[in-house]
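Novice:
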Amino acid sequence: MSILLGTVYGACAHATDFTISVGPSWTKGGRTTEALFVTALGDERRLGLLEWQPQFDVGAVRSHHSALRDLDRTVWVAAAGARLPHLWENLFFSFQFAAVQPRTSALSSTQQFVSSLGWQQGCVTVVTRHISNGSTHEPNDGESMLLLGVGL
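Under my numbering, think of the first position of the sequence shown as 1, with each following residue one higher.
1. Of the residues D72, S108, F92, which one's Cα is nearest the Cα of A99?
2. Less than 8 Å between C-beta atoms, sequence neighbours within five positions excluded: which residues of the same chain meet that for E51?
3. Compare the beta carbon distance of R62 and T104 with 9 Å and say whether it is the shorter of the two.
4. How long is the line joining the alpha carbons of R129 and L148, rounded to whole angstroms?
5. On the CB-based measure, 16 or more other CB atoms within 10 Å of its CB, does G125 come out buried or exposed?
6. In this structure, does DSSP put D57 in helix, strand or coil?
7. Restricting to runs no shorter than 3 residues, where is the beta strand (DSSP E) found entirely within the region 119–152?
8. Count the other CB atoms, across all protein chains shown, that sit within 10 Å of the CB of H65; report buried if there are 16 or more and exposed otherwise.
9. Nearest CA to the CA of T136: which residue from Q112, L117, D17?
10. Less than 9 Å between the C-beta atoms of V114 and G81, yes or no?
11. Between which residues of its own chain and L36 is the CB-CB distance below 6 Å, once the five residues before and five after are set aside?
12. For the beta strand (DSSP E) that contains S25, what are its first and last residues?
13. Work out the CA separation of D70 and A13 for me, nearest whole Å.
14. Using three-state DSSP, classify G30 as helix, strand or coil.
15. In angstroms, rounded to a whole number, what distance separates the CA positions of G6 and K28?
Put into structure tokens, the structure is as follows:
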């Protein structure tokens with residue numbers, strides 16, 4: 001058993017290129033639903049002293065099962081941007097531009113911004129993420145989520 005656990009941990013200790021993350025998502029009024037994302041990371045690069053990685057996400061925020069405020073449909077999200085992988089210890093930050101379809105009152109325009117703050121240890125990732133249009137279109141409720149991910 002110890003050999004099996006050691007092998008799994010050893011495999012997870014290497015950098016992962018893909019992560020599948022799931023967790024709850026909240027919008028205005030405390031309405032909760034589920035979110036799922038697949039993240040792909042490119043190779044780390046340097047820009048002066050700054051280390052960064054290209055980051056691409058595809059995911060979905062499920063319906064809030066409410067006809068109120070136009071939250072009755074699943075929203076698909078595609079995002080691209082950059083991750084700063086080494087802020088402090090295993091902490092990272094990423095910022096992405098995204099397109100969503102269909103729109104809801106929480107994600108009310110096709111263009112969105114995605115900001116994430118997370119922690120990664122081996123193949124396990126914990127991420128707080130917010131998706132919003134930055135007040136470029138009203139309403140601007142956004143979706144905030146807490147995701148737990150496993151690297152592949």
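Beta carbons: idealized from backbone N, C-alpha and C, even for Gly.
Specialist: Judging by the given coordinates:
1. By 1-based counting over the sequence shown, the position of residue 99 is 99. The candidate whose alpha carbon is nearest that of A99 is S108.
2. As a first step, residue 51 must be located in the sequence shown, where it is residue number 51. The residues are E44, R45, L84, P85, H86.
3. Working through the sequence shown from its first residue, we reach residue 62 at position 62. Working through the sequence shown from its first residue, we reach residue 104 at position 104. No, these two residues do not count as a Cβ contact at 9 Å.
4. Within the sequence shown, the letter at position 129 stands for residue 129. Within the sequence shown, the letter at position 148 stands for residue 148. Their backbone Cα atoms lie some 11 Å apart in a straight line.
5. Looking up residue 125 in the sequence shown gives position 125. Checking the displayed sequence, the identity of residue 125 turns out to be Thr instead of Gly. Flag for T125 reads buried.
6. Against the sequence shown, residue 57 aligns to sequence position 57. D57: strand per DSSP, three-state reduction.
7. 124–132, 143–151
8. On the sequence shown, residue 65 is found 65 positions in, with the first residue counted as 1. The residue is exposed, with fewer than 16 neighbouring Cβ atoms inside 10 Å.
9. Along the sequence shown, one-based indexing puts residue 136 at 136. Of Q112, L117, D17, the residue nearest in Cα terms is Q112.
10. The sequence position of residue 114 within the sequence shown is 114, counting from 1. The sequence position of residue 81 within the sequence shown is 81, counting from 1. A contact, by the Cβ cut-off of 9 Å.
11. Sequence index remark: in the sequence shown, residue 36 carries index 36 (1-based). Result list for L36: V22, G59, A60, in chain order.
12. Along the sequence shown, read from residue 1 onward, the residue named residue 25 stands at position 25. Run containing S25: 18–27, per the beta strand (DSSP E) assignment.
13. Working through the sequence shown from its first residue, we reach residue 13 at position 13. Working through the sequence shown from its first residue, we reach residue 70 at position 70. Below a pLDDT of 50, predicted positions are generally treated as unreliable, and A13, at 47, falls in that range; no measurement from the model is reported.
14. The count along the sequence shown starts at 1 and reaches residue 30 at position 30. Note: G30 maps to helix in three-state DSSP.
15. Sequence index remark: in the sequence shown, residue 6 carries index 6 (1-based). Sequence index remark: in the sequence shown, residue 28 carries index 28 (1-based). For G6, the predicted structure reports a pLDDT of 47, less than 50, and the residue's modelled location is therefore unreliable. A value from the coordinates is still provided. For G6 and K28, the distance between alpha carbons rounds to 43 Å.
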